[in-house]
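Enquirer: Below you will find the structure I want to go over with you.
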Ligand SMILES: [Zn+2]
């Protein structure tokens, strides 16, 4: 015999709401984890202070002397390189420093300038180009290459490794290498072999000669 009222039949209400609550909590935890992962992987590297400047070398063959210059309307810190001897067309373009290729493709449009047709139609932008991530938020860029880059995205390159050849694709008046060094989001004054280039703004035309120390180590 029972005393008092029998216990009410168990409903499914509580277990179901507990299950819903667990699902909601796990969903929230998953979202928080995803946010944390995005913050760690994407945001932290972007706000982390840049590392020390790599010992960049001229992006051309060891021992060669090139003219580095800029002109009004170029852009601050942009460097155009022309050889002081011989033809510019097809000269090897070398990685300034070891790193990982993050861009190897076409910027803007190629146009139609090549050694057989140097005054062909001008393209837009950088033409064939390469971007290398050197770690510590340092990057270099190489524009107007003659042909598709010799490297591919994701490839590790050594300092001095050839990544392309000098050309005049994109918005380029004559065969040359347009080159930039970047720290984080900003272009900075290009340094070579530890010395500043002196190219800081594009208010006036400015040129300087430097000899490449981009020599294979050892
Ligand atoms: Zn340029």
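Residue numbers (my numbering): 277 to 494.
Backbone N, C-alpha and C define an ideal beta-carbon position, used for all residues, glycine too.
All figures in this text were calculated on a predicted structure; none of them were measured in a lab.
1) Counting beta carbon pairs with one atom in the region 430–450 and one in the region 354–374, are three or more of them shorter than 8 Å?
2) Quick one: what does DSSP say residue 277 is sitting in, helix, strand or coil?
3) For residue 478 versus residue 348, is the C-beta spacing smaller than 7 Å?
4) Heavy atom of ligand 1 less than 6 Å from the Cβ of residue 356, yes or no?
5) So which of 448, 476, 332 has the shortest CA-CA distance to residue 495?
6) Do you know offhand how far residue 309's Cα is from residue 467's?
7) Who are the near neighbours of residue 389 in its chain, counting only those whose CB is closer than 6 Å to its CB and skipping five residues on each side?
8) Taking 7 Å as the cut-off, decide whether the C-beta atoms of residue 399 and residue 386 are in contact.
9) With a floor of 4 residues, list each alpha helix (DSSP H) that falls wholly inside the region 320–353, ordered by position along the chain.
10) May I ask you to report which of helix, strand or coil DSSP gives residue 490?
11) Tell me the rounded alpha-carbon separation between residue 492 and residue 425.
12) Cutting at 6 Å between CB atoms, please list the residues of its own chain near residue 298, excluding the five before and the five after it.
13) Could you have a look at residue 293 and say whether DSSP puts it in helix, strand or coil?
14) Would the beta-carbon of residue 454 be found less than 6 Å away from any heavy atom of ligand 1?
15) Taking a contact to mean a Cβ-Cβ separation below 7 Å, would you say residue 427 touches residue 439 in this structure?
16) Near residue 447, which residues of its chain fall below 7 Å by C-beta distance, leaving aside the five closest residues on each side in sequence?
17) Looking at residue 355: is its Cβ nearer than 7 Å to the Cβ of residue 455?
18) With a 10 Å radius around its C-beta and 16 neighbouring C-beta atoms as the bar for buried, classify residue 486 as buried or exposed.
19) Who does residue 385 pair with in a DSSP beta bridge?
20) What three-state label does DSSP hand residue 475 in the structure shown?
21) Spatial neighbours of residue 450 within its chain, please: CB distance less than 7 Å, with the 5 preceding and 5 following residues excluded, ordered by chain position.
22) How long is the line joining the alpha carbons of residue 404 and residue 302, rounded to whole angstroms?
Expert: Straight from the coordinates:
1) yes
2) The predicted model places residue 277 with a pLDDT of 48, which falls under 50 and marks its position as unreliable; any figure quoted below should be read in that light. In this structure, residue 277 counts as coil in the three-state DSSP scheme.
3) yes
4) yes
5) Lying outside 277 to 494, the shown extent of the chain, residue 495 is not represented and no answer is given.
6) 41 Å
7) 396, 444
8) yes
9) 320–323
10) coil
11) 20 Å
12) none
13) helix
14) yes
15) yes
16) 384, 398, 399, 400, 401
17) yes
18) buried
19) 400
20) coil
21) 444
22) 48 Å
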